[in-house]
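Novice:
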């Protein structure tokens with residue numbers, strides 16, 4: 001008898017869950033339909049990330065927040081002929097989704113290079129300056145520049161600009177730096193590796209490193225001059241030149257009237273928008 | 277010394293803090309698991325029967341399907357379902373490209389599970405001695421009656437532990453959901469990690485939830501097993 | 512969508528270079544998993560007091576913990592434990608001198624042990640109870656029964672599930688990238704960072720996995736046939 005009740009309870013619980021999810025899914029889709037029907041503007045789906053603070057991440061209640069969202073919301077305000085909708089995907093799926101027309105714009109601090117431009121259409125107007133710096137353990141004093149990294153091991157994340165910059169450097173200088181690839185999805189293991197001297201450095205940006213130190217207690221620090229200052233761009237499908245031109249124009253305006261700088265100061269804690 | 281060295285990296289009170297946040301996404305994980313399991317079992321039975329009755333053509337296709345689904349990483353299978361399937365269907369004029377992502381996810385997990393379950397179900401059905409089928413026919417049961425009353429209960433009993441393990445595996449291995457932006461329990465753990473950098477605590481919190489569900493599931497499986505055994509022996 | 516076959520081939524080459532890492536990460540935990548898993552299964556099967564229940568708890572906890580979480584916990588526990596010991600005894604060796612692949616072995620072995628112990632327990636249960644009684648009645652001891660009667664019959668039953676376990680390990684080992692061990696999957700993905708051609712990289716890795724797993728399946732199929740004939744000979 002006892003077992004009977006247990007099974008019944010589980011079945012009841014599961015059916016309630018399925019039911020609520022179905023209702024929620026149903027409501028979600030109907031509201032979507034009504035909004036798109038009401039406005040005449042063209043729907044543009046933006047593919048952005050869900051785990052890259054402070055650019056694109058989810059807040060406590062699961063809403064997308066960050067720099068990417070703030071900038072694009074302002075862009076959309078100035079381009080009423082479009083209606084932006086946001087979809088959160090991981091880095092690689094943004095690229096694949098763009099190719100498969102699941103999304104129309106990729107916004108995940110993408111950096112330009114000729115190989116990448118072969119496959120995707122990059123914007124002409126950048127919207128962020130990405131300043132990469134060397135990060136080492138708090139007590140290290142021997143590393144102060146990229147030359148000091150020769151013969152040392154550096155952790156680089158998959159899909160990041162850090163790997164690309166150091167790979168280029170290695171190519172030009174005969175592989176002096178030992179690159180240790182990691183998924184980079186979890187800062188804990190990277191910081192632990194620096195603390196235990198398993199690796200000598202990783203490459204990051206100041207704001208993120210500040211965040212690490214606040215969270216884990218002062219364990220790492222930024223040293224020396226930036227090793228790379230690059231710009232990041234939105235990416236489009238090759239044929240979407242009109243969309244690209246429209247957004248480029250607005251970004252230029254936003255730079256000229258200081259709006260972009262304001263958003264950067266508000267969200268990133270400094271003006272990281274000056275053109276290369 | 278241990279605690280001192282772990283300082284900053286792991287704080288047990290943050291696990292407790294993460295738990296209620298993670299639980300708000302439990303219905304997504306459960307929905308995904310239940311829907312994918314139902315799809316997996318139905319498709320798995322069909323594939324198993326195709327293999328048992330050696331239906332020409334389909335038998336070979338099933339073998340290839342099972343081999344691919346077992347042999348390749350699920351992320352690649354997700355690419356095929358999420359990107360490939362709409363591309364193929366759009367060439368015949370059906371546009372499913374912007375369907376709800378959850379549907380693609382359930383399809384991916386369900387089709388993957390079907391391949392594993394097909395082999396389990398096939399092995400379970402084949403393991404029922406042929407003499408029992410013959411005996412059932414002899415007492416005048418139809419083919420369908422024989423399957424449902426004689427073969428199915430014993431086959432379920434044989435296959436149940438493996439099916440349980442598959443469900444537990446699916447419960448945890450929903451990493452692909454978050455890649456597509458669906459926030460289930462594990463996705464929420466990642467989101468907390470990305471937001472607060474306290475990923476270890478969030479992951480441990482998620483593990484605690486999975487542990488409780490695994491225990492429950494085990495109990496349910498054991499109960500079904502016992503009742504089936506009683507039923508078979510009782511008959 | 513344009514598909515770069517040339518790049519796919521170069522990613523394929525990269526992943527072939529690291530295939531041995533993936534194989535090692537699957538076979539070592541598989542071997543130890545069979546060893547520990549069989550012992551656990553036997554203890555649980557005979558319902559040894561206290562120890563049996565403790566092991567059941569152990570298996571459930573490991574089964575309920577996602578592989579990634581297990582890897583992180585083992586990573587921190589081993590490193591921290593090692594450094595604490597080396598500090599206490601003033602040893603010159605530090606955790607940073609340990610090759611991280613050993614930490615991956617440890618974490619994957621835990622996961623494999625739990626899964627394989629369930630496989631073996633299922634196989635032990637499948638051997639009919641009458642056989643135990645028959646063996647006892649002809650005067651065999653518990654150990655003799657296990658070694659001569661039960662295990663030879665349980666092994667062929669376990670083979671197909673063990674095959675699934677090994678395939679799961681081969682595919683599951685790619686998470687070690689988290690602690691910066693490069694396996695075949697991530698070896699294929701790394702060059703894609705330069706040109707964003709991830710689809711090609713994934714397909715290259717999938718091909719290697721597929722071939723590996725088909726080979727594994729064939730080996731196990733052969734083993735199953737071989738062990739089954741052996742079983743028949745014994746029984747006749």
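Chains as they are written, first to last, in this note's numbering: chain A, 1 to 276; chain B, 277 to 511; chain C, 512 to 747.
Cβ atoms here follow ideal geometry from the backbone N, Cα and C, with glycine treated the same way.
1. Quick one: which chain C residues come within Cβ less than 8 angstroms of residue 186 (chain A)?
2. Quick check on the DSSP output: the beta strand (DSSP E) that includes residue 156 (chain A) runs from which residue to which?
3. Anyone know if the C-beta pair for residue 213 (chain A) and residue 223 (chain A) falls short of 8 angstroms?
4. I want to see whether chain A comes within less than 8 angstroms of residue 504 (chain C), judged by CB atoms only; does it?
5. For a test of the three-state rule: what should DSSP assign to residue 331 (chain B), helix, strand or coil?
6. Buried or exposed: residue 516 (chain C), going by 16 or more other Cβ atoms within 10 Å of its Cβ?
7. With a threshold of 8 angstroms, are at least 3 pairs of Cβ atoms found where one atom belongs to the stretch 417-431 of chain B and the other to the stretch 336-343 of chain B?
8. At a CB distance below 9 angstroms, what residues from the stretch 424-453 of chain B approach chain A? Give them in sequence order.
9. Could you tell me the distance, in whole angstroms, from the CA atom of residue 593 (chain C) to the CA atom of residue 531 (chain C)?
10. For residue 370 (chain B), does the count of other Cβ atoms within 10 angstroms reach 16, so buried, or fall short, so exposed?
11. Do residue 309 (chain B) and residue 456 (chain B) have their beta-carbon atoms positioned less than 8 angstroms apart in this structure?
12. For chain A, is any of its Cβ atoms less than 8 angstroms away from the one on residue 402 (chain B)?
13. Taking CB distances under 8 angstroms as the criterion, tell me whether residue 211 (chain A) reaches chain B.
14. Looking only at C-alpha atoms, which of C:719, C:725, C:727 sits nearest to residue 525 (chain C)?
15. Going straight from the alpha carbon of residue 60 (chain A) to that of residue 466 (chain B), what length do you get?
16. Is the separation between the beta-carbon of residue 136 (chain A) and that of residue 193 (chain A) shorter than 8 angstroms?
17. For residue 568 (chain C), which option in C:699, C:551, C:557 has the closest C-alpha, if you only look at C-alpha atoms?
18. Taking C-beta to C-beta, are residue 65 (chain A) and residue 127 (chain A) nearer than 8 angstroms?
19. DSSP has residue 65 (chain A) in a bridge; who is on the other side?
20. Just confirm the distance between the C-beta atoms of residue 180 (chain A) and residue 204 (chain A), as a whole number of angstroms; I'd bet it's less than 8 angstroms.
21. Can you check which of these residues, A:262, A:120, A:52, is closest to residue 233 (chain A) by C-alpha distance?
22. Nearest by alpha-carbon distance to residue 528 (chain C): which of C:696, C:585, C:638 is it?
23. Grab me the residues of residue 272 (chain A)'s own chain with a C-beta within less than 6 angstroms of its C-beta, minus the 5 sequence neighbours each way, in chain order.
24. So for residue 301 (chain B), helix, strand or coil by DSSP?
25. Measuring CB atoms only, is the stretch 657-666 of chain C touching the stretch 487-501 of chain B, in the sense that at least three cross pairs come out at less than 8 angstroms?
26. Distance, Cα to Cα, residue 160 (chain A) vs residue 322 (chain B)?
27. Would you say residue 57 (chain A) reaches chain B, if we count a Cβ-Cβ gap shorter than 8 angstroms as a contact?
28. Three-state secondary structure (DSSP) at residue 202 (chain A)?
29. Counting only beta-carbon separations shorter than 8 angstroms, does residue 504 (chain B) have a partner in chain A?
30. Could you give the distance in angstroms between the alpha-carbon of residue 403 (chain B) and the alpha-carbon of residue 623 (chain C)?
31. With a Cβ-Cβ cutoff of 8 angstroms, do residue 440 (chain B) and residue 393 (chain B) count as a contact?
32. Does the structure place the stretch 569-578 of chain C close enough to the stretch 647-657 of chain C that three or more beta carbon pairs sit under 8 angstroms?
33. For residue 118 (chain A), which of helix, strand or coil comes out of DSSP?
34. Could you check where the alpha helix (DSSP H) with residue 444 (chain B) kicks off and where it finishes?
35. Would a check of beta-carbon distances place residue 120 (chain A) closer than 8 angstroms to chain C?
36. Quick check: the Cα distance between residue 678 (chain C) and residue 346 (chain B), rounded to an integer number of angstroms?
Specialist: The relevant details are as follows:
1. Here residue 186 (chain A) corresponds to residue number 186 of the first chain, with the count starting at 1. Within chain C, the residues near residue 186 (chain A) are 583, 689.
2. Working through the first chain from its first residue, we reach residue 156 (chain A) at position 156. First-last of the beta strand (DSSP E) with residue 156 (chain A): 153-157.
3. As a working mapping, residue 213 (chain A) is identified with position 213 in the first chain. As a working mapping, residue 223 (chain A) is identified with position 223 in the first chain. Against a cut-off of 8 angstroms, the Cβ pair of residue 223 (chain A) and residue 213 (chain A) comes out as no contact.
4. The displayed coordinates of chain C run from 512 to 747. Any statement about residue 504 (chain C) would go beyond what the structure contains.
5. Taking the first residue of the second chain as 1, we reach residue 331 (chain B) at position 55. The answer is coil: DSSP assigns residue 331 (chain B) none of H, G, I, E or B.
6. For the purposes of this step, residue 516 (chain C) is taken as the residue at position 5 of the third chain. So residue 516 (chain C) ends up on the exposed side.
7. no
8. none
9. Position 82 of the third chain holds residue 593 (chain C). Position 20 of the third chain holds residue 531 (chain C). Whole-angstrom Cα-Cα distance: 27 angstroms.
10. Walking along the second chain from the start, residue 370 (chain B) turns up at place 94. When all chains shown are included, residue 370 (chain B) counts as exposed.
11. For the purposes of this step, residue 456 (chain B) is taken as residue 180 along the second chain, with counting starting at 1. For the purposes of this step, residue 309 (chain B) is taken as residue 33 along the second chain, with counting starting at 1. In this structure, residue 309 (chain B) does not lie closer than 8 angstroms to residue 456 (chain B) by Cβ.
12. Position 126 of the second chain, counted from the start, is the residue given in the question as residue 402 (chain B). Taking Cβ atoms only, chain A never reaches closer than 8 angstroms to residue 402 (chain B), which makes this a no.
13. Residue mapping note: residue 211 (chain A) aligns to position 211 of the first chain, counting from 1. For residue 211 (chain A), the answer is yes, since a Cβ of chain B falls inside 8 angstroms of its Cβ.
14. Sequence index remark: in the third chain, residue 525 (chain C) carries index 14 (1-based). If we check each option's Cα against that of residue 525 (chain C), C:719 comes out closest.
15. Here residue 60 (chain A) refers to the residue found at position 60 when the first chain is read from its first residue. Here residue 466 (chain B) refers to the residue found at position 190 when the second chain is read from its first residue. Using only the alpha carbons, I get a separation of about 12 angstroms.
16. Locating residue 136 (chain A) in the first chain gives position 136, where the first residue counts as 1. Locating residue 193 (chain A) in the first chain gives position 193, where the first residue counts as 1. No, these two residues do not count as a Cβ contact at 8 angstroms.
17. Here residue 568 (chain C) corresponds to residue number 57 of the third chain, with the count starting at 1. The residue with the shortest Cα to Cα distance from residue 568 (chain C) is C:551.
18. Translated into the one-based positions of the first chain, residue 65 (chain A) becomes position 65. Translated into the one-based positions of the first chain, residue 127 (chain A) becomes position 127. Cβ distance not < 8 angstroms, so residue 65 (chain A) and residue 127 (chain A) don't count as in contact.
19. As a working mapping, residue 65 (chain A) is identified with position 65 in the first chain. Partner(s): A:57.
20. Working through the first chain from its first residue, we reach residue 180 (chain A) at position 180. Working through the first chain from its first residue, we reach residue 204 (chain A) at position 204. Not confirmed; about 15 angstroms, so no contact.
21. Position 233 of the first chain, counted from the first residue, corresponds to residue 233 (chain A). When each option's Cα is compared against that of residue 233 (chain A), the closest is A:120.
22. Taking the third chain and counting its residues from 1, one reaches residue 528 (chain C) at position 17. Of the candidates C:696, C:585, C:638, the one whose C-alpha sits nearest the C-alpha of residue 528 (chain C) is C:696.
23. If you number the first chain from 1, residue 272 (chain A) lands on position 272. Taken in chain order, the residues that qualify are 128, 129, 264.
24. Locating residue 301 (chain B) in the second chain gives position 25, counting from the first residue. Of the three classes helix, strand and coil, the one that applies to residue 301 (chain B) here is coil, per DSSP.
25. no
26. As a first step, residue 160 (chain A) must be located in the first chain, where it is residue number 160. As a first step, residue 322 (chain B) must be located in the second chain, where it is residue number 46. Approximately 44 angstroms between the Cα atoms of the pair.
27. In the first chain, counting from the first residue as 1, residue 57 (chain A) sits at position 57. It does: the Cβ of residue 57 (chain A) has a partner Cβ on chain B nearer than 8 angstroms.
28. Translated into positions along the first chain, residue 202 (chain A) becomes position 202. Residue 202 (chain A): strand per DSSP, three-state reduction.
29. On the second chain, residue 504 (chain B) is found 228 positions in, with the first residue counted as 1. No, no contact with chain A.
30. In the second chain, the residue the question calls residue 403 (chain B) occupies position 127. In the third chain, the residue the question calls residue 623 (chain C) occupies position 112. Those two C-alpha atoms are separated by around 26 angstroms.
31. Translated into the one-based positions of the second chain, residue 440 (chain B) becomes position 164. Translated into the one-based positions of the second chain, residue 393 (chain B) becomes position 117. Going by C-beta atoms, residue 440 (chain B) is not nearer than 8 angstroms to residue 393 (chain B).
32. no
33. As a first step, residue 118 (chain A) is located in the first chain; it is residue number 118 there, counting from the start. Residue 118 (chain A): helix per DSSP, three-state reduction.
34. Indexing the second chain from 1 puts residue 444 (chain B) at position 168. Its alpha helix (DSSP H) spans residues 428-448.
35. Translated into the one-based positions of the first chain, residue 120 (chain A) becomes position 120. Yes - at least one Cβ of chain C is within 8 angstroms of the one on residue 120 (chain A).
36. Here the question's residue 678 (chain C) lines up with position 167 in the third chain. Here the question's residue 346 (chain B) lines up with position 70 in the second chain. About 8 angstroms.
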